[in-house]
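**Student:** Take this structure first; my questions come after.
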Amino acid sequence: MNRVLTICVLVAFAFPCSSKTMGAEVKAKPNVIIIYSDDHGYTDLGIHGIDGNVDTPNMDALAKGGALMRSGYSSAPQCRPSRCGLMAGRIQNEFGFADNKMDAGAGMGNLPRVYPERTDMAGKPLLTIADRMKKLGYVTGFSGKWHCGPNDDTTNKYDPRSRGFDEYWVGAMTTGSTNLDLEGNLVPHQKKSTWPKELQNRVILQGKFAEAFVTRNKTKPFFLYFPIYGPHVPMIRKTDPYYQNFPKQTYPQYNEAQNDVRRQGLALLKAMDDAIGGLVQTLQKNGIEENTLILFAGDNGAPGKQTHNSPIGSWNGSNNVPMRGVKGWLHEGGIRVPMFAYWKGKIQPGQVIDEMVTTLDFTATTLRLGGGDIPPEFDGIDLMPRLAGTANELSRSQPMYWDFYTGQAIREGDWKLWRKDDTTVLFNIAQDPAELTNLAYQKPELVKTLTEKLDKWVDSLPATARYDPEKRGKNMVSALGGAPADVKPDPRYLIPYDNPVATPYPAAVATPGGPAVAPIAAKTSSSAQPARKAGPQRLGNPKSVMQKNNRNQRDPAKLFQRRDQNQDGFVTLKEFIGDPANRNIPALTKLFQSRDTNNDNRLTLEEMQAAERQ
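Taking my numbering, I'd label the letters of the sequence shown as residues 327 to 940.
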């Protein structure tokens, strides 16, 4: 059946003011849904405006109807530690779960660590967010990939049953275990492997269970964790209608086989988008959309950025452009993820937040919204004041830390320090998200300050959770795909640098920024729909827009001087756009790219003067 998800984007919002209504609101606890995608690269959210072939209208509608968080981070560049960090609300290294293979309990990679039951190695409580929400009167549900225990997810000690979830479907593909049927009825715990033909697509199946949980519990406050299993490998079957209906892809930097993998990845993302659209439709149908917060993030970046000559390997068809690095690395491509929040009538729509937000903030926000206090050991903050517009900025007092076998990193404010072996580099991430310019030699005092903070945090970790520097992987090279063509790093940048064949992506279908957008109807396609037309939607003429906005700013030298905010002799895209309020970001971005003749992501005065003469 066809799905049409309509998200009404409000230009302004108000809370009911009658005493009777207010009393009812106080009594009705809000529902919370956390959606966690798998190996989902930064490129592959349509609203990011990077690749016009990305077809995610439902996710885009939610992001437009709420807050798009463009500096969203996971707590690890790998699946298991990221998921366990989210569940515990803490950087997972702090309780001995640093990577997929780290021993974190009775066996390899299991949550919980039993030292003793429900505590970490320091004796602090190690409860999942589901454990905590149950104590606050919530019914808790799970549908998707658990990955905080054995891969078969069928051992009671380690699966969601023992970690606070009342109702669940847990499994990686179409096989798994459940105590809920698709009609929303509780059943005895059972393993399931046979499903109707139309549910052989794993993400559609997981979406149906999420819908069943919501329908069953529509009159109760509920917490639903929906870790949808995509676009992680294995790839979508080529017999799946989502693949067959998705246009063939032709990217100049890919060979034929890689283009097909990209098509498979985008088709699975389309199926994920429909599953999420179906879940939101279920909220609407049951009249609880306005009482439900939806938080969405990826668990880490996409693996194996591909170039024409590189092997396909474990690539899932997702991309991290324009971020450098891949899953498993602490460059932005490994840890910066698609992220947004939606709550009709509560979150101000049309927001674009560029401050750092982490997946651990989701845990803290959920707990606080449910009526709990955020424990001092939590590493996240409550996002709601910023999302609801009662605060102009996030109230974050601590940096974010990472420790993975490929290195260590800290981000505080706009600055990120990354180190491995004898290499330490520093980036202004707000101005240089592609991590092209190492500023460590220009900012020695800042390097010293951030290094001291990182050292102090690493020293606080349990001894068994620390990496032996001699075993950290000296022979590993950094996968730095996705850099713009013809861009060379600072010669003092010591990390091996891979400059792949880079070509422009198709024009963006949707781009964030500017005033609140008009209401949209996000048209979804079920497996029965005909294929959509190939080729991206093209944006309007950016030059005419720029001329209209800058009739009195024709002197390129004066414009360059105004835009070069840090007076470094270059104008970045952020400087070129200026204050994003009421600016046509898609047009300005395209104009910037047309003037950036050497594709180095910054403009010189000569480039701006040359463009003016054309």
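Cβ coordinates follow ideal geometry from the N, Cα and C atoms, glycine included. Quick caveat: nothing in here was measured; it's all calculated off a predicted structure.
Taking the C-alpha atoms as reference points, what is the distance between E933 and A756?
**Tutor:** Numbered from 1 along the sequence shown, position 607 holds the residue referred to as residue 933. Numbered from 1 along the sequence shown, position 430 holds the residue referred to as residue 756. Distance between the alpha carbons of E933 and A756: 23 Å.
**Student:** Y399 by DSSP, collapsed to three states: which one?
**Tutor:** Along the sequence shown, one-based indexing puts residue 399 at 73. In the structure shown, Y399 sits in a strand (DSSP, three-state: E or B).
**Student:** Could you give the uninterrupted runs of the beta strand (DSSP E) lying entirely in the region 475 to 549, keeping only those of 3 residues or more?
**Tutor:** 493 to 496, 502 to 506 and 512 to 518
**Student:** May I have a chain-ordered list of the beta strand (DSSP E) segments no shorter than 3 residues that lie completely inside the region 637 to 671?
**Tutor:** 665 to 668
**Student:** Should A538 and G502 be called a contact, given that it needs their Cβ atoms to be closer than 8 Å?
**Tutor:** Position 212 of the sequence shown, counted from the first residue, corresponds to residue 538. Position 176 of the sequence shown, counted from the first residue, corresponds to residue 502. Going by C-beta atoms, A538 is not nearer than 8 Å to G502.
**Student:** Check whether the Cβ atoms of N642 and V529 lie closer than 8 Å to each other.
**Tutor:** Taking the sequence shown and counting its residues from 1, the one referred to as residue 642 is at position 316. Taking the sequence shown and counting its residues from 1, the one referred to as residue 529 is at position 203. Cβ distance not < 8 Å, so N642 and V529 don't count as in contact.
**Student:** In this structure, what does DSSP give as the bridge partners for M726?
**Tutor:** Here residue 726 corresponds to residue number 400 of the sequence shown, with the count starting at 1. M726 is bridged to R737.
**Student:** I need the DSSP call for K742, collapsed to helix, strand or coil.
**Tutor:** Residue numbering aside, residue 742 sits at position 416 when the sequence shown is read from its first letter. Three-state DSSP puts K742 in a strand.
**Student:** Tell me whether R888 is buried or exposed, calling it buried when 16 or more other Cβ atoms sit within 10 Å of its Cβ.
**Tutor:** Along the sequence shown, one-based indexing puts residue 888 at 562. So R888 ends up on the exposed side.
**Student:** Counting along the chain, where does the beta strand (DSSP E) carrying N626 start and finish?
**Tutor:** The count along the sequence shown starts at 1 and reaches residue 626 at position 300. Run containing N626: none; DSSP gives neither H nor E here.
**Student:** Expressed to the nearest angstrom, what Euclidean distance is found between the alpha-carbon atoms of W728 and A735?
**Tutor:** Taking the sequence shown and counting its residues from 1, one reaches residue 728 at position 402. Taking the sequence shown and counting its residues from 1, one reaches residue 735 at position 409. Approximately 5 Å between the Cα atoms of the pair.
**Student:** In the DSSP output, what is F753 paired with across the bridge?
**Tutor:** In the sequence shown, counting from the first residue as 1, residue 753 sits at position 427. Answer by DSSP bridge pairing, in chain order: K742.
**Student:** When we look at the beta-carbon of L512 and count the other beta-carbons within 10 Å, is it buried (16 or more) or exposed?
**Tutor:** Translated into positions along the sequence shown, residue 512 becomes position 186. Its Cβ having fewer than 16 others within 10 Å, L512 is exposed.
**Student:** Counting beta carbon pairs with one atom in the region 459 to 475 and one in the region 483 to 501, are three or more of them shorter than 8 Å?
**Tutor:** yes
**Student:** Just how far apart, CA to CA, sit P711 and L695?
**Tutor:** Reading the sequence shown from its first residue, position 385 is the one you call residue 711. Reading the sequence shown from its first residue, position 369 is the one you call residue 695. One Cα belongs to P711, the other to L695, and the distance between them is close to 11 Å.
**Student:** Terminal residues of the continuous alpha helix (DSSP H) containing N357?
**Tutor:** What you label residue 357 is simply residue 31 of the sequence shown in a count that begins at 1. Taken as a continuous stretch (DSSP letters only), N357 belongs to no alpha helix (DSSP H), being part of the beta strand (DSSP E) at N357 to S363.
**Student:** Please say whether G367 and N646 have beta carbons closer to each other than 8 Å?
**Tutor:** Numbered from 1 along the sequence shown, position 320 holds the residue referred to as residue 646. Numbered from 1 along the sequence shown, position 41 holds the residue referred to as residue 367. For N646 and G367, yes; Cβs fall inside 8 Å.
**Student:** Which one of Y668, G739 and F730 has the shortest CA to CA distance from A714?
**Tutor:** Mapped onto the sequence shown, residue 714 falls at position 388. The shortest C-alpha separation from A714 is found at Y668.
**Student:** Within the continuous beta strand (DSSP E) that includes I467, where are the two ends?
**Tutor:** For the purposes of this step, residue 467 is identified with residue 141 of the sequence shown, where counting begins at 1. Rather than Ile, the amino acid found at residue 467 in this sequence is Gly. Taken as a continuous stretch (DSSP letters only), the beta strand (DSSP E) holding G467 covers V465 to G470.
**Student:** If you follow the alpha helix (DSSP H) that Q887 is in, where does it begin and where does it stop?
**Tutor:** Translated into the one-based positions of the sequence shown, residue 887 becomes position 561. Where Q887 is concerned, the enclosing alpha helix (DSSP H) stretches over P882 to R889.
**Student:** Could you say which of L371, C405 and P403 lies nearest to A389 if we only look at CA atoms?
**Tutor:** Taking the sequence shown and counting its residues from 1, one reaches residue 389 at position 63. Taking only the C-alpha atoms, the option nearest A389 is L371.
**Student:** Within 10 angstroms of its Cβ, does G654 collect 16 or more other Cβ (buried), or is it exposed?
**Tutor:** As a working note, residue 654 is residue 328 in the sequence shown. The residue in question, G654, is buried, as its Cβ has 16 or more Cβ neighbours within 10 Å.
**Student:** To which residues of the same chain is I661 closer than 7 Å at the C-beta, ignoring the five residues directly before and after it?
**Tutor:** Position 335 of the sequence shown, counted from the first residue, corresponds to residue 661. Closer than 7 Å at Cβ, skipping near neighbours: Y399, S400, P403, N626, G627 and W728.
**Student:** Would you identify the three-state DSSP class for T898, choosing helix, strand or coil?
**Tutor:** Position 572 of the sequence shown, counted from the first residue, corresponds to residue 898. Here T898 sits in strand by DSSP.
**Student:** Where does S408 land, buried or exposed, given buried means 16+ other C-beta within 10 angstroms?
**Tutor:** Here the question's residue 408 lines up with position 82 in the sequence shown. Classification of S408: buried, given that the 10 Å Cβ count is 16 or more.
**Student:** Taking three-plus beta-carbon pairs below 8 Å as touching, is the region 608 to 628 in contact with the region 560 to 567?
**Tutor:** The answer is no - the region 560 to 567 does not touch the region 608 to 628, with fewer than three Cβ pairs under 8 Å.
**Student:** According to DSSP, V683 sits in a beta bridge with which residue or residues?
**Tutor:** Walking along the sequence shown from the start, residue 683 turns up at place 357. Checking the DSSP bridge columns, you'll see V683 partnered with G398.
**Student:** Which class does P567 belong to by DSSP, given the choice of helix, strand or coil?
**Tutor:** Here residue 567 corresponds to residue number 241 of the sequence shown, with the count starting at 1. Helix, per DSSP.
**Student:** Could you tell me whether the Cβ atoms of D705 and G415 are closer together than 8 Å?
**Tutor:** Within the sequence shown, residue 705 is the residue found at index 379, counting from 1. Within the sequence shown, residue 415 is the residue found at index 89, counting from 1. Their beta carbons are under 8 Å apart, which means D705 touches G415 by this criterion.
**Student:** Does the region 911 to 927 come close enough to the region 742 to 753 that 3 or more CB-CB pairs lie under 8 Å?
**Tutor:** no
**Student:** Please state if the CB of N384 and the CB of V678 are separated by a distance shorter than 8 Å.
**Tutor:** Translated into the one-based positions of the sequence shown, residue 678 becomes position 352. Translated into the one-based positions of the sequence shown, residue 384 becomes position 58. Their beta carbons are not under 8 Å apart, which means V678 does not touch N384 by this criterion.
**Student:** When you compare only the Cα positions, how much space is there between Q955 and L595?
**Tutor:** As displayed, the chain neither begins before 327 nor continues past 940, which places residue 955 out of reach and without an answer.
**Student:** Specify the secondary structure class of Q893 as computed by DSSP and reduced to three states.
**Tutor:** As a working mapping, residue 893 is identified with position 567 in the sequence shown. If DSSP states are grouped into helix, strand and coil, Q893 belongs with coil.
**Student:** Apart from the five residues on each side of it in sequence, which residues of its chain come closer than 7 Å, Cβ to Cβ, to G624?
**Tutor:** By 1-based counting over the sequence shown, the position of residue 624 is 298. Cβ within range, chain order: S363, H366, S400, V663 and P664.
**Student:** What's the gap between the Cα of K471 and the Cα of V380?
**Tutor:** Indexing the sequence shown from 1 puts residue 471 at position 145. Indexing the sequence shown from 1 puts residue 380 at position 54. About 23 Å.
**Student:** Quick one: using the 10 Å Cβ neighbour count with 16 as the cut-off for buried, is M649 buried or exposed?
**Tutor:** Here the question's residue 649 lines up with position 323 in the sequence shown. Counting Cβ neighbours within 10 Å, M649 comes out buried, since at least 16 surround it.
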